[in-house]
Amino acid sequence: MNPSDVVEPAVREKIAAIAGSIRKRVMKYTISNNGGYLSQACSSAEILASLYVKIMNLGKSEAPAVPPPFPGVPGKNNRDYFTGGGYNGPKTPDLDRFYLSPAHYALVLYTVLIETGRMNPNGLDQFNQDGTSVEMIGAEHSPGFEMMGGSLAQTLSQSAGIALARKIRNETGRVWVFLSDGEFQEGQTWEAIQTMSFYGIDNIGVYIDINGQQCDGEVCDVMSLEPLSARIQSFGGRVITVDGHDIDALIQPAKLKPNGCPLFILCYTDPCKGIPLLTKRRPKLHYVRFSSPEEREEYRRYYETNMQKPGEGK
6 MNPSDVVEPA
16 VREKIAAIAG
26 SIRKRVMKYT
36 ISNNGGYLSQ
46 ACSSAEILAS
56 LYVKIMNLGK
66 SEAPAVPPPF
76 PGVPGKNNRD
86 YFTGGGYNGP
96 KTPDLDRFYL
106 SPAHYALVLY
116 TVLIETGRMN
126 PNGLDQFNQD
136 GTSVEMIGAE
146 HSPGFEMMGG
156 SLAQTLSQSA
166 GIALARKIRN
176 ETGRVWVFLS
186 DGEFQEGQTW
196 EAIQTMSFYG
206 IDNIGVYIDI
216 NGQQCDGEVC
226 DVMSLEPLSA
236 RIQSFGGRVI
246 TVDGHDIDAL
256 IQPAKLKPNG
266 CPLFILCYTD
276 PCKGIPLLTK
286 RRPKLHYVRF
296 SSPEEREEYR
306 RYYETNMQKP
316 GEGK
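For the record, in the sequence shown the residue sitting at position 158 is 163 according to this note's numbering, with numbers rising by one throughout.
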């Protein structure tokens with residue numbers, strides 16, 4: 006192995022610690038509010054932590070530490086309107102841009118922003134409250150979001166357009182996109198891939214959380230995606246397959262030199278990673294809503310026993 010391919014131990018430890026904190030924060034919220042997108046935190050924690058800590062070249066946040074209220078819909082008469090892209094730093098030619106497609110991962114993204122010092126923890130007090138920008142299903146004004154992903158699976162197409170514009174302008178910053186596996190059941194995703202391939206958009210990297218879960222159950226039962234790697238390659242994509250919880254494996258593909266093809270990193274993950282108690286809920290893991298006070302108490306006890314540090318508030 007080339008020495009440059011080895012992730013520094015301190016960086017690896019930092020990413021692992023942030024991944025653990027992501028699961029902890031989302032589980033605490035889920036227990037407190039009798040529901041939450043917990044399996045998404047379990048599956049994507051290392052991916053998003055690796056992106057923000059090591060893979061992406063982002064500037065410092067330009068947004069308020071505590072997110073401001075919802076500014077109203079964009080329009081020529083709304084000068085107070087803003088996007089949440091400022092949490093990812095300024096838009097300069099040399100810096101990267103980031104787009105999260107599955108908007109129901111919003112709480113996971115907010116926790117990453119908190120753990121990387123881009124957002125104040127108090128910002129989560131507004132989560133899913135009327136009149137706030139910290140929405141449960143992230144929109145373009147939500148922290149970390151620069152644009153709305155549409156009804157489903159439209160972010161990749163928009164990101165491809167941005168990447169092409171950056172390529173035409175000879176900007177050195179790259180575009181990074183986070184997708185969920187269910188988005189490959191949407192035709193627009195495949196249209197985006199073949200478009201990126203045709204135009205040689207190779208300044209874009211796409212990390213996919215393949216946790217095998219969607220709202221109707223197992224992805225393989227709703228509409229199987231495999232062989233996903235071969236399918237993406239047939240549309241002109243460059244594909245790397247990794248263990249989505251292996252920090253070193255997640256970081257290595259981002260070091261590859263562009264070769265004229267869009268880069269796709271297939272991250273196979275466990276939607277119960279770090280919280281094995283979740284396995285009892287299979288195959289319904291998309292959204293955790295406790296079925297009884299007893300189940301909620303079971304999760305509370307698990308959290309206090311396995312995830313809460315001694316002396317930490319409940």
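All C-beta atoms, glycine included, are put in the ideal place defined by N, C-alpha and C.
No experiment lies behind these values; they were computed from the predicted model shown.
- Residue pairing of Gly210 in beta bridges, as defined by DSSP: Trp181, Leu268.
- DSSP lists Gly41 as the beta-bridge partner residues of Val293.
- Around the Cβ of Thr284, a 10 Å sphere holds fewer than 16 other Cβ atoms; the residue is exposed.
- Under a 10 Å Cβ-count criterion, Ile252 is classified as buried, with 16 or more other Cβ atoms of the shown protein chains found around its own Cβ.
- Per DSSP, the unbroken beta strand (DSSP E) holding Val247 starts and ends at 243-248.
- Per the DSSP secondary-structure output, Pro74 pairs in a beta bridge with Thr137.
- Counting only the Cα atoms, Asp101 lies some 11 angstroms from Ile167.
- Contact annotation, Gly143 with Leu114: C-beta distance approximately 7 angstroms; criterion of less than 8 angstroms satisfied.
- By the beta-carbon neighbour count (other beta carbons within 10 angstroms, threshold 16), Phe189 is buried.
- The Cβ-Cβ distance between Thr246 and Ser48 does not fall below 8 angstroms.
- By DSSP's assignment, Tyr273 forms a beta bridge with Ile215, Asp248.
- A direct Cα-Cα distance of roughly 27 angstroms separates Arg236 from Lys278.
- In this structure, the beta-carbon distance from Asn208 to Lys260 does not fall below 8 angstroms.
- Burial is judged here by how many other beta carbons sit within 10 angstroms of a residue's own beta carbon; Ser297 has fewer than 16 and is exposed.
- Taking the Cβ atoms as the reference, Pro98 lies roughly 17 angstroms from Gly210, outside the contact range of under 8 angstroms.
- In this structure the segment 155-170 does not lie against the segment 53-69, because fewer than three pairs of beta carbons, one per stretch, are closer than 8 angstroms.
- Look at Tyr104 here: in three-state DSSP terms it is strand.
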